[in-house]
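Q:
Numbering (my numbering), first residue to last: 7 to 437.
As structure tokens, then:
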């Protein structure tokens with residue numbers, strides 16, 4: 007059998023396994039290992055698997071993932087996140103829809119020290135939902151805003167998804183982090199504008215909360231100073247090339263630990279929970295990485311990537327038409343796959359085509375992460391929506407999906423702006 011046909015059979019088998027509910031990591035490993043076995047034999051296939059496992063497990067760049075995950079988990083388990091929301095609520099609560107607007111910027115701030123969307127939704131949701139219910143906020147809109155705002159955790163640096171993309175495509179993780187800053191801030195303001203306009207038209211959706219006074223506002227600013235300073239240190243160090251992302255992740259963990267000790271927020275229980283969550287998340291990510299490399303070796307040997315490039319070239323699509331079609335594909339994939347699954351199934355095929363069409367690889371990384379944000383709020387998977395539903399079970403997932411809809415379309419506007427004006431992502435990188 008020709009190698010190209012073997013590759014097509016392997017691709018079909020991969021989609022079948024995912025469609026039947028096999029976890030993405032196991033589906034990738036199975037197809038990759040069996041595919042290599044069918045081409046080269048059992049011993050070479052096992053040798054490849056062993057080498058990939060060892061090489062990725064000892065990769066210095068990938069050490070940034072567990073370190074940034076640990077930093078976020080320490081912040082989450084020590085209650086530091088509550089200060090972020092308190093500060094934003096003190097300053098923005100008087101606006102129409104103020105609590106939800108505060109949640110947007112609270113999620114943005116928390117995302118700046120976690121890099122995880124699910125951790126952002128889980129932590130901020132538990133803090134904010136009781137306050138929304140207390141002030142009789144419309145929960146369809148409020149829960150939808152929180153589910154959508156949680157996606158900022160993977161766009162505002164440091165971001166696990168940026169690390170994953172940079173590792174897959176061999177691009178600078180530091181530049182990817184810097185490229186995500188302006189799009190992340192833009193997304194926060196666009197989401198806030200959606201909430202402000204809706205609650206201005208119908209004040210019952212999101213009534214303002216009482217003003218705490220100027221003294222309380224300024225004191226709350228001081229309380230988030232250390233976290234803001236830590237974020238500025240990490241991003242500034244990466245921007246000016248003082249340290250690598252892996253070194254920055256270590257500095258971040260040390261900084262959060264020092265802050266937690268000085269404020270007496272760190273307990274043995276909190277550290278145990280933070281370490282346990284970090285191990286579970288890291289094992290999941292590394293399993294996907296190993297599976298992705300196995301499937302990539304299989305695709306490389308069968309020539310599937312070259313077939314994809316030739317197929318796209320034969321279609322005669324222009325660069326922007328291709329991006330439009332790719333956006334539709336990502337939206338459809340988001341209905342059935344998680345973020346890592348989407349990236350592993352598309353980047354090996356799409357990235358060479360994108361480069362051949364003249365798109366900037368750092369810009370494309372930001373585009374991919376924004377499309378991944380859409381996947382987190384797209385039914386029927388919509389991971390963020392179901393996390394939010396677990397926090398507020400009296401609000402059905404259907405209502406939360408309806409609440410997310412305005413933010414879904416707002417995200418599409420941001421995608422269009424990124425395509426029309428690539429400098430939104432590239433300005434700070436100097437590219």
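Every residue gets a Cβ at the ideal spot worked out from N, C-alpha and C, and that includes glycine.
Roughly how many angstroms lie between the CA atoms of residue 292 and residue 93, to the nearest whole one?
A: Residue 292 and residue 93: Cα-Cα distance of roughly 36 Å.
Q: For residue 200 and residue 14, what's the separation of their Cα atoms in angstroms?
A: 44 Å
Q: Could you check if residue 89 is buried or exposed, using at least 16 other CB atoms within 10 Å of its CB as the buried criterion?
A: buried
Q: What residue from 16, 208, 26 and 123 has the CA that sits closest to residue 36's CA?
A: 16
Q: At what residues does the alpha helix (DSSP H) containing residue 59 begin and finish?
A: 48-63
Q: Along the chain, where does the alpha helix (DSSP H) containing residue 394 start, and where does it finish?
A: 389-397
Q: When the distance is taken between beta carbons, is residue 192 closer than 9 Å to residue 30?
A: No, these two residues do not count as a Cβ contact at 9 Å.
Q: Starting from the C-beta of residue 360, find all residues in its chain whose C-beta is less than 7 Å away, skip the five residues before and the five after it, and write them out in chain order.
A: 370
Q: Quick one: grab the DSSP three-state call for residue 437.
A: coil
Q: Taking its Cβ as the centre, do 16 or more other Cβ atoms sit within 10 Å of residue 299, making it buried, or is it exposed?
A: Under this definition residue 299 is a buried residue.
Q: Rounded to whole angstroms, what is the Cα-Cα separation between residue 155 and residue 104?
A: 14 Å
Q: Can residue 34 and residue 324 be called in contact, C-beta distance under 9 Å?
A: With contacts defined by Cβ atoms closer than 9 Å, residue 34 and residue 324 do not form a contacting pair.
Q: Do residue 113 and residue 158 have their CB atoms nearer than 9 Å?
A: yes
Q: Can you give me the start and stop residues for the alpha helix (DSSP H) that residue 333 sits inside?
A: If you look at residue 333, you'll find it in the alpha helix (DSSP H) that goes 325-340.
Q: Tell me whether residue 272 sits in a helix, a strand or coil according to DSSP, three-state version.
A: coil
Q: What residue range does the alpha helix (DSSP H) around residue 140 cover?
A: From DSSP, the alpha helix (DSSP H) with residue 140 extends over 123-140.
Q: Return helix, strand or coil for residue 344, following the three-state DSSP convention.
A: In the structure shown, residue 344 sits in coil (DSSP, three-state: anything other than H, G, I, E or B).
Q: My parser needs the alpha helix (DSSP H) runs of 4 or more residues fully inside the segment 219-288; what are they?
A: 220-229, 231-245 and 251-268
Q: With burial defined as no fewer than 16 other Cβ atoms inside 10 Å of the residue's Cβ, what is the status of residue 283: buried or exposed?
A: buried
Q: Can you grab the Cα-Cα spacing for the pair residue 175 / residue 302, in whole Å?
A: When rounded, the distance between both Cα atoms is 12 Å.
Q: Where residue 54 and residue 306 are concerned, what is the direct C-alpha to C-alpha distance, given to the nearest angstrom?
A: 13 Å
Q: Could you say which of 260, 150 and 87 lies nearest to residue 398 if we only look at CA atoms?
A: 150
Q: Should residue 289 be labelled buried (16 or more other beta-carbon atoms within 10 Å of its own) or exposed?
A: That one is exposed.
Q: For residue 413 and residue 213, I'd like the C-alpha separation in whole angstroms.
A: 20 Å
Q: Return the first residue and the last residue of the alpha helix (DSSP H) that residue 79 is part of.
A: 70-83
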